[in-house]
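For reference, the structure discussed in these notes is given below.
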Amino acid sequence: MRKLIYGMNRTLDGYIAAAGDDIGWSGPPSRELFQWWLELEQASGLSLYGRKLWETMSSYWPTGDQRPDATPAEIAFARNWRDTPKVVFSSTIDEVDWNARLVTGDAIAEITRLKAGDGPPMNIGGATLAGAAVRAGLVDEYVIATHPVLVGGGTPFFTALDGWVDLDLVETRTFPGGVVLTRYGTRR
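Numbering (the numbering used here), first residue to last: 174 to 361.
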């Protein structure tokens, strides 16, 4: 069975985006934090995206390595992003590209099917999609890069849950700028 990892940057008060889908609070990450995310992405065999995160990622990373100011890590991230298979879950878009396929039906059924297979871990992103996977008990690990900023509202990292989810601390690490990364595994 494949592992499903939900990881994103978030504010100290728990939001992945401020009001108006503003993610400017996360600024450019430190080299160290970006490298950490790159290594997590390189270990993944499949990325699962909700519509909003797909639109954000696909608007930048397909050509992110062609920017004149791209760092070696950004070049590696862009290439890895293009090469990694992706599944986009949306009922409002008609097509996807960049090594992705679109699922317009039951996301939980498809994620369950994907998890049942063999292979490297899968990453899931986007609060709505990930929230549904969390409520269905499909997430095995949580990766949270908490930035020292309060935004007061927006899109929460966690949506409402139906019950408790017991976790074990796997890793904690502090990055420049006061960003604290924590990884938790789900107790099964």
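Don't be surprised by glycine CBs; every beta carbon is placed ideally from N, CA and C.
Cβ distance (whole Å) where residue i is taken to contact residue j below 8 Å
i: Leu334; j: Val316; result: Not confirmed; about 18 Å, so no contact.
i: Gly327; j: Tyr188; result: 4 Å
i: Asn272; j: Glu214; result: Rounded, the Cβ-Cβ distance is 13 Å, inconsistent with contact.
i: Leu354; j: Ala305; result: No, Leu354 and Ala305 are not in contact; Cβ-Cβ is about 24 Å, not under 8 Å.
i: Leu177; j: Val312; result: 5 Å
i: Ala246; j: Gln208; result: 5 Å
i: Pro293; j: Gly218; result: 3 Å
i: Arg361; j: Asp341; result: Incorrect: roughly 10 Å between the Cβ atoms, too far for contact.
Closest by C-alpha distance to residue i, when choosing among the options
i: Lys288; options: Ala191, Ala309, Lys225, Thr332; result: Ala309
i: Pro349; options: Met181, Glu205, Tyr179; result: Glu205
i: Asp256; options: Thr236, Thr265, Ile266; result: Thr236
i: Lys259; options: Val352, Phe330, Glu283; result: Glu283
i: Gly193; options: Arg356, Pro329, Leu354, Arg274; result: Pro329
i: Arg175; options: Pro245, Gly197, Gly290; result: Gly290
i: Met230; options: Trp254, Gly218, Thr244, Pro245; result: Trp254
i: Arg346; options: Ala243, Trp210, Ile196; result: Trp210
i: Arg274; options: Ser232, Ser220, Glu314, Ala300; result: Ser220
i: Glu212; options: Ala191, Ser232, Ala249, Arg183; result: Ala249
i: Phe262; options: Trp234, Thr301, Tyr233; result: Thr301
Limits of the unbroken alpha helix (DSSP H) element including residue i
i: Asn253; result: 245-256
i: Ile196; result: No alpha helix (DSSP H) holds Ile196; DSSP gives it neither H nor E.
i: Arg204; result: 204-215
i: Ala306; result: 300-308
i: Ile284; result: 280-289
i: Arg224; result: 224-231
Exposure label - residue i; buried when at least 16 CB within 10 Å
i: Pro202; result: buried
i: Ala251; result: buried
i: Thr332; result: exposed
i: Arg240; result: exposed
i: Ser199; result: buried
i: Gly299; result: buried
i: Arg286; result: exposed
i: Ala303; result: buried
i: Ser314; result: A small correction: the amino acid at residue 314 is Glu; Ser does not occupy that position in the sequence shown. Burial call: buried.
i: Tyr222; result: buried
i: Ser264; result: exposed
i: Gly351; result: exposed
i: Val343; result: exposed
i: Tyr179; result: buried
i: Ala190; result: buried
Residue range of the beta strand (DSSP E) that includes residue i
i: Leu363; result: One cannot answer for residue 363 here, as it falls past the ends of the chain, which runs 174 to 361.
i: Ile317; result: 314-320
i: Arg346; result: 340-348
i: Thr352; result: Checking the sequence shown, residue 352 turns out to be Val, not Thr. Here the beta strand (DSSP E) through Val352 covers 352-359.
i: Thr184; result: 177-184
i: Thr332; result: That residue, Thr332, is in no beta strand (DSSP E); it is neither H nor E in DSSP.
i: Val269; result: Per DSSP, Val269 belongs to no beta strand (DSSP E) and is neither H nor E.
contact_flag[the segment 321-341, the segment 272-286] where n(CB pairs < 8 Å) is 3 or more: no
Segment contact flag, the segment 334-345 with the segment 220-227, C-beta cutoff 8 Å, min 3 pairs: no
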